[in-house]
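Peer 1: Before we start, here is the structure in question, set down as structure tokens.
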Amino acid sequence: MSTATPGVGSLQALPPPLELVDLEHGNSIQLSLTGFEQGSTEIHPKTITPRDVRIYMQQQNLTSPPPPGTPIYKVIPVLRVYGTRIDKPSPLRYWDVSSLTLQAQLLPLLLAHRNTPLNVVLTAIGEKPTKRYSVELVG
39 MSTATPGVGS LQALPPPLEL VDLEHGNSIQ LSLTGFEQGS TEIHPKTITP
89 RDVRIYMQQQ NLTSPPPPGT PIYKVIPVLR VYGTRIDKPS PLRYWDVSSL
139 TLQAQLLPLL LAHRNTPLNV VLTAIGEKPT KRYSVELVG
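Quick note: the sequence shown uses my numbering, first residue 39, plus one each step.
What follows is the structure, encoded as structure tokens:
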């Protein structure tokens, strides 16, 4: 089984700055979404795991691990959603979703609401690395 994320190489890098959705357990954000784009970004893990090294090696086409101390990064898919925050004032007009499960939940809804705003509440459940998000449609 491959640990690299499929299709990342075909995605364009999203322009900075990144505004990652990263809520603490139990916290929510309510958004009215009007558009989206799929892209990628480069991340630099704070704590490097064997999985991070394996993905780095695959993405860099390396056959052996890099020397200790080599900066490790990986390219991940990101879903950038555009809209407004409706539960409290925010200057942001987009949010970047790196969670693959949240991307899988949001994308079909965004596709079905291409011509109308999609109002959702995103709620974090759990802590990294097993954190998930619930998606609630609101009127």
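Every residue, glycine too, gets a C-beta built ideally from N, C-alpha and C. In this text, all values refer to a predicted model and were calculated from it rather than measured experimentally.
Could you tell me the alpha carbon to alpha carbon distance between Ala62 and Val135, rounded to whole angstroms?
Peer 2: For the purposes of this step, residue 62 is taken as the residue at position 24 of the sequence shown. For the purposes of this step, residue 135 is taken as the residue at position 97 of the sequence shown. The sequence given here has Glu at residue 62, not Ala. Approximately 14 Å between the Cα atoms of the pair.
Peer 1: What does Lys112 pair with, by DSSP beta-bridge criteria?
Peer 2: The sequence position of residue 112 within the sequence shown is 74, counting from 1. Lys112 is bridged to Ile81.
Peer 1: Considering Cα atoms alone, identify which of Leu147, His151, Ile110, Leu58 is closest to Pro83.
Peer 2: Here residue 83 refers to the residue found at position 45 when the sequence shown is read from its first residue. It is Ile110 whose Cα lies nearest to the Cα of Pro83.
Peer 1: When the Cα of Leu160 is compared with those of Leu130, Gln143, Gly73, which residue comes out closest?
Peer 2: To locate residue 160, count along the sequence shown from 1; it is residue 122. Of Leu130, Gln143, Gly73, the residue nearest in Cα terms is Gln143.
Peer 1: Return the chain-ordered list of same chain residues with a C-beta closer than 8 Å to the C-beta of Ser78, the five sequence neighbours on each side being excluded.
Peer 2: The residue labelled residue 78 in the question sits at position 40 within the sequence shown. Taken in chain order, the residues that qualify are Val46, Leu49, Gln50, Ala51, Leu52, Val113, Ile114, Pro115, Val116.
Peer 1: Once you ignore the five residues that flank Ile81 on each side, which residues in its own chain have a CB closer than 7 Å to its CB?
Peer 2: Indexing the sequence shown from 1 puts residue 81 at position 43. Closer than 7 Å at Cβ, skipping near neighbours: Tyr111, Lys112, Ile114.
Peer 1: I need the DSSP call for Val176, collapsed to helix, strand or coil.
Peer 2: Your numbering for residue 176 matches position 138 in the sequence shown. Val176: coil per DSSP, three-state reduction.
Peer 1: If you scan the stretch 143–169 from start to end, which runs of the beta strand (DSSP E) of 3 or more residues do you find wholly inside it?
Peer 2: Taking only runs of at least 3 residues, the beta strand (DSSP E) segments lying wholly in the stretch 143–169 are 156–163.
Peer 1: Are there 16 or more other CB atoms within 10 angstroms of the CB of Met39, so buried, or fewer, so exposed?
Peer 2: To locate residue 39, count along the sequence shown from 1; it is residue 1. Because the pLDDT at Met39 is just 31, under 50, the model does not fix this residue reliably, and the point stays unresolved.
Peer 1: Which residue marks the beginning of the alpha helix (DSSP H) containing Val91, and which one marks its end?
Peer 2: Translated into the one-based positions of the sequence shown, residue 91 becomes position 53. Note, Val91: alpha helix (DSSP H), 88–97.
Peer 1: In angstroms, rounded to a whole number, what distance separates the CA positions of Arg118 and Arg131?
Peer 2: Here residue 118 corresponds to residue number 80 of the sequence shown, with the count starting at 1. Here residue 131 corresponds to residue number 93 of the sequence shown, with the count starting at 1. About 10 Å.
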